[in-house]
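First residue of the sequence shown? That's 278 in my numbering, and the numbers climb one at a time after it. Since the structure comes first, as structure tokens, the remarks are kept for the end.
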Amino acid sequence: MRILDKKIVGSRALLVFDEGKEVEIDREVYLEKGLYAKDEIDQKELEEVLFESGLKSAKKMLVSYIQRYPLKSEYGYYKYLLSRGYDSATALKAVAYFVNNGYIDELEAAKKLVNKYQKKKSSFEILQLLRKNGFKSSTISKLNLKHENDKEILVKLLQKKLRRVNKKDSKEILKIIKWFVSRGYDYNTVVEKIREFLDY
Numbered sequence: 278m279r280i281l282d283k284k285i286v287g288s289r290a291l292l293v294f295d296e297g298k299e300v301e302i303d304r305e306v307y308l309e310k311g312l313y314a315k316d317e318i319d320q321k322e323l324e325e326v327l328f329e330s331g332l333k334s335a336k337k338m339l340v341s342y343i344q345r346y347p348l349k350s351e352y353g354y355y356k357y358l359l360s361r362g363y364d365s366a367t368a369l370k371a372v373a374y375f376v377n378n379g380y381i382d383e384l385e386a387a388k389k390l391v392n393k394y395q396k397k398k399s400s401f402e403i404l405q406l407l408r409k410n411g412f413k414s415s416t417i418s419k420l421n422l423k424h425e426n427d428k429e430i431l432v433k434l435l436q437k438k439l440r441r442v443n444k445k446d447s448k449e450i451l452k453i454i455k456w457f458v459s460r461g462y463d464y465n466t467v468v469e470k471i472r473e474f475l476d477y
């Protein structure tokens with residue numbers, strides 16, 4: 278394809294082809310590939326240039342996102358790039374670049390999240406949170422989740438929940454039991470602690 282016109286506007290370069298097709302690429306890629314000196318370009322080379330340009334802009338976007346949200350999984354960053362309009366191959370390559378250079382460390386991010394929520398949530402809730410945020414099973418299996426804190430958290434939460442509950446209100450007590458079981462607490466432990474608090 279013949280290149281009819283080339284313009285550099287800010288950080289972008291505009292190429293106009295003889296078929297009326299216009300392509301906008303990153304200025305640095307334009308200069309690196311020496312397109313300023315070319316009058317013709319084949320389809321394969323154009324696709325490579327477009328991919329490189331997209332990758333460069335995806336990396337720039339991902340840098341600022343990593344700085345704002347450092348506790349994301351690789352999948353979380355990948356999903357972000359997809360939501361910003363990048364294709365799957367570009368998003369994968371950009372995320373892989375930051376993983377290989379040590380800017381994205383999924384295991385460290387998962388450990389920080391566990392430390393952040395260890396005193397507030399049960400280990401089951403933390404696992405659910407990690408899965409929901411796209412952390413890989415292999416990463417989750419490397420974590421050392423402590424179930425000892427679950428009873429302490431259960432006691433604190435039960436104290437709050439049982440303050441306003443009447444001993445005779447069995448419906449309300451059942452609601453509380455269901456609430457705790459849905460968050461991963463053991464049914465028998467919950468019932469035992471409720472009996473302790475309410476002197477059943």
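All C-beta atoms in this analysis are idealised placements derived from N, C-alpha and C, irrespective of residue type, glycine included. Note that the structure is a prediction, hence the values are computed from the model and not measured.
For the pair Tyr355 and Arg441, the Cα-to-Cα distance works out to about 45 angstroms. One Cα belongs to Gly331, the other to Asn378, and the distance between them is close to 19 angstroms. Secondary structure at Phe294: strand, using DSSP grouped into helix, strand and coil. If you look at Val326, you'll find it in the alpha helix (DSSP H) that goes 320-345. In the three-state DSSP reduction, Ile280 falls in the strand class (E or B). In the structure shown, Ile285 adopts extended strand secondary structure according to DSSP, grouped into three states. Contact between the stretch 389-402 and the stretch 350-370 is absent: fewer than three C-beta pairs spanning the two stretches fall below 8 angstroms. Classified as exposed, Ser288 has fewer than 16 neighbouring CB atoms from the shown chains inside 10 Å of its CB.
Check the Cα spacing between Lys433 and each of Val467, Val340, Lys336, Lys349: the tightest is with Val467. If the five residues before and after Glu473 are omitted, its C-beta is found closer than 7 angstroms to no C-beta atom of its own chain.
In the three-state reduction of the DSSP assignment, Val442 falls in the coil class.
Listed as beta-bridge partners of Glu301 by DSSP are Leu291. Listed in chain order, the non-local C-beta contacts of Phe401 below 6 angstroms within the same chain comprise Gly461, local neighbours out to five positions each way being set aside. Pairwise C-beta distances place the stretch 305-312 out of contact with the stretch 339-346, as fewer than three of them are shorter than 8 angstroms. Remark: C-beta atoms of Ala386 and Leu348 approach each other more closely than 9 angstroms. Proximity to Asn410 across Tyr357, Lys438, Lys336 peaks at Tyr357, based on C-alpha coordinates. Among the bridge pairs identified by DSSP, Glu317 is matched with Arg279.
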